[in-house]
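Accompanying notes for the structure given below.
2 protein chains.
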Amino acid sequence: MLERLQAQVDFALELDRLKSVQRRTTLADASRLENSAEHSWHIALMAVVLAEHGPPKLDVERTVRMLLVHDVVEIDAGDTFCYDETATVGKAEREELAARRLFGLLPDDLGQECLALWHEFESRETPEARFANSVDRFAPLLLNIATEGGSWRRHGVERDQVQRRLAPIGDGAPALWEYTQRLLDQAEERGWFAGGSGPDEPSEPA
Amino acid sequence: MLERLQAQVDFALELDRLKSVQRRTTLADASRLENSAEHSWHIALMAVVLAEHGPPKLDVERTVRMLLVHDVVEIDAGDTFCYDETATVGKAEREELAARRLFGLLPDDLGQECLALWHEFESRETPEARFANSVDRFAPLLLNIATEGGSWRRHGVERDQVQRRLAPIGDGAPALWEYTQRLLDQAEERGWFAGGSGPDEPSEPA
Chain A
16 MLERLQAQVD FALELDRLKS VQRRTTLADA SRLENSAEHS WHIALMAVVL
66 AEHGPPKLDV ERTVRMLLVH DVVEIDAGDT FCYDETATVG KAEREELAAR
116 RLFGLLPDDL GQECLALWHE FESRETPEAR FANSVDRFAP LLLNIATEGG
166 SWRRHGVERD QVQRRLAPIG DGAPALWEYT QRLLDQAEER GWFAGGSGPD
216 EPSEPA
Chain B
16 MLERLQAQVD FALELDRLKS VQRRTTLADA SRLENSAEHS WHIALMAVVL
66 AEHGPPKLDV ERTVRMLLVH DVVEIDAGDT FCYDETATVG KAEREELAAR
116 RLFGLLPDDL GQECLALWHE FESRETPEAR FANSVDRFAP LLLNIATEGG
166 SWRRHGVERD QVQRRLAPIG DGAPALWEYT QRLLDQAEER GWFAGGSGPD
216 EPSEPA
């Protein structure tokens, strides 16, 4: 029993390292980059208050558990910037190894449970995984809007790229997807995307 | 419907400010102070993996929801250092006002639900609230041990104070309380508490 508790405590302490994994988005006040631990809290609570926009009969508990574990692999594998195509090479393998080491710190039953939650999130097949992915992609959109283009502008991202990246929002939460489209239209009008025709970078009509 | 979604989004964005509320504990690598958002993620996930040490038939979902909202009031009221008796004066009133403003941003049904969860956490009367409080107090203990006394040493805290502060761990999770006692004994032997007889501050026998 003590051995089991010790394994749980070792895992709990290892989790602390996720607070040092930086994402590309900043906080809404642009004061610093966001880390993956606080992001995970943010979207877990967002899933609770936005649950009604998910699929009918959504299991909110499993959704929240998935969001709590979804980024833990970044402790070993780091945060991969979603618009960097080079960085995404080998990402799945790196993260699978990370998941096995990290969840492997836990007693076997709990480790298997966490691994299954993470695989479920990544596969985006169940309604809960689809909704969890919606919220995970909706949150940085809000931060990028709050910071007038934020990471899109800093990294020269085009609307088409954002559109593709955010498409899973529509799979899990149609109402959020409609809302997302309006925000992206406004961002485009304000010239926050690369290659756009907004005020920042006027282009000739084709 | 759109008005309802907008209120939920406004709340989600306001939540972002919890990432800028600093606690007195540092990360386990002592690199910086921890913030209340990442702390909330940490203990929500800890509650999932430590649930078996809580009361029988624990409702893990409600425990996790409580932990996700338990520090939201700090957005307005700030983090009150638990060993600062002056700062705790008026804390309850400040936090109640904060809860009403912050959860009041949500549509009424959701706001009431969050307010009830926060009150439940604060009252420590239900098994879920007691277990949630156990984990909330156990986490900074682990960080203080990892940083060789951390905030206890920086602020000259005595073992008796820590003992009283951590006592709710025993109410919600007896196995964690036993484990806690061993950690506190080791910390005392190493002289990490003020007024102790450890190597840091030798005292004469009475």
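Taken in sequence, the protein lines are chains A and B. Following my numbering, the numbering of the first sequence begins with 16 at its first residue and continues without gaps. Following my numbering, the numbering of the second sequence begins with 16 at its first residue and continues without gaps. Using N, Cα and C, we set each Cβ at its ideal position, and we do this for glycine too. In this text the structure is predicted, and so the values were computed from the model without any measurement.
| Asked | Found |
| --- | --- |
| Pull up the distance between the alpha-carbon of Val150 of chain A and that of Leu112 of chain B, whole angstroms please. | 29 Å |
| Taking just the CA atoms, how far does Leu65 of chain B sit from Glu29 of chain A? | 14 Å |
| Does the contact criterion of 3 or more C-beta pairs under 8 Å hold for the stretch 55 to 75 of chain B versus the stretch 100 to 116 of chain B? | no |
| Using a Cβ cut-off of 7 Å, pull out every chain B residue sitting near Ala190 of chain A, in sequence order please. | Leu20 |
| Between which two residues does the alpha helix (DSSP H) containing Arg109 of chain B stretch? | 106 to 118 |
| Just to confirm my understanding: we take Ala22 of chain A, look at its own chain, exclude 5 residues before and 5 after, and list those with CB closer than 8 Å. What are they? | Leu120, Leu121, Pro122 |
| Select from A:Val87, A:Leu132, A:Pro142 the residue whose C-alpha is nearest the C-alpha of Arg116 of chain A. | A:Val87 |
| Residues of chain A with a CB under 9 Å from the CB of Ser166 of chain B: which are they? | Neighbours of Ser166 of chain B on chain A: none; closest Cβ ~15 Å, over 9 Å. |
| Compute every distance between the C-beta of Val87 of chain B and the non-hydrogen atoms of the ligand GTP, then say whether any falls below 6 Å. | Of the ligands one can find in the structure shown there are none, so the ligand GTP has no counterpart to examine. |
| Go ahead and label Ala131 of chain B buried or exposed: buried means 16 or more other beta carbons lie within 10 angstroms of its beta carbon, across all protein chains shown. | exposed |
| Kindly indicate which residue of B:Arg174, B:Thr141, B:Phe153 has the alpha-carbon position closest to the one of Thr40 of chain B. | B:Phe153 |
| Answer yes or no: do Glu53 of chain A and Lys34 of chain B have a C-beta to C-beta separation smaller than 7 Å? | yes |
| Would Glu53 of chain A pass as an interface residue toward chain B - the criterion being a Cβ-Cβ separation below 7 Å? | yes |
| Locate the beta strand (DSSP E) running through Glu163 of chain B, then write down its first and last residues. | No beta strand (DSSP E) contains Glu163 of chain B, which DSSP labels as neither H nor E. |
| What is the residue span of the beta strand (DSSP E) that Thr41 of chain B lies within? | 37 to 41 |
| At which residues does the alpha helix (DSSP H) containing Glu193 of chain A begin and terminate? | 189 to 204 |
| When the cut-off is 7 Å and only beta carbons count, does Met61 of chain A lie next to chain B? | yes |
| For Leu48 of chain B, which residues does DSSP report across the bridge? | B:Thr41 |
| What's the call for His170 of chain A, buried or exposed, on a 16-neighbour Cβ count within 10 Å? | exposed |
| By Cβ distance, which residues of its chain are closer than 7 Å to Gly93 of chain A, with the 5 residues on each side in sequence left out? | Val36 |
| Assign Glu140 of chain B to buried or exposed, taking buried as 16 or more other Cβ atoms, counted over all protein chains shown, within 10 Å of its Cβ. | exposed |
| What's the C-alpha gap between Leu82 of chain A and Asp74 of chain A? | 13 Å |
| Please list the partners that Leu125 of chain A has in chain B, where partner means a Cβ-to-Cβ separation under 7 Å. | Val64 |
| Looking only at its own chain, which residues have a Cβ that is under 6 Å from the Cβ of Arg77 of chain A, when we skip the five neighbours before and after it? | Glu143 |
| Per the DSSP calculation, Glu173 of chain B is bridged to which residue(s)? | B:Ala209 |
| Does Phe153 of chain A come out as helix, strand or coil in the three-state DSSP assignment? | helix |
| Is the CB-CB distance between Gly187 of chain A and Phe136 of chain A below 7 Å? | no |
| Using a C-beta cutoff of 7 Å, does Asp31 of chain A count as contacting chain B? | yes |
| Thinking C-alpha only, which one of A:Gln176, A:Leu191, A:Thr162 is nearest Phe96 of chain A? | A:Gln176 |
| So for Glu216 of chain B, helix, strand or coil by DSSP? | Its pLDDT being 47, under 50, Glu216 of chain B is placed unreliably in this model, and the value from its coordinates should be taken loosely. Coil at Glu216 of chain B, not helix or strand. |
| Is the beta carbon of Gly164 of chain A sitting closer than 7 Å to the one on Trp207 of chain A? | yes |
| Output needed for Thr190 of chain A: all residues of its chain with C-beta closer than 8 Å, excluding positions within five of it in sequence on either side, in chain order. | For clarity, residue 190 of chain A is Ala in the given sequence; the question names Thr instead. Answer for Ala190 of chain A: His68, listed in chain order. |
| Does Glu76 of chain A have its Cβ less than 7 Å from a Cβ in chain B? | yes |
| Which residues of chain B have a Cβ atom closer than 9 Å to the Cβ of Ala114 of chain A, listed in chain order? | Chain B residues near Ala114 of chain A: none, gap ~14 Å exceeds 9 Å. |
| Take Arg19 of chain A and list the residues in its own chain whose beta-carbon comes closer than 6 Å to its own, dropping the five residues that flank it on each side. | Pro122 |
| Does Val79 of chain A have its Cβ less than 7 Å from a Cβ in chain B? | yes |
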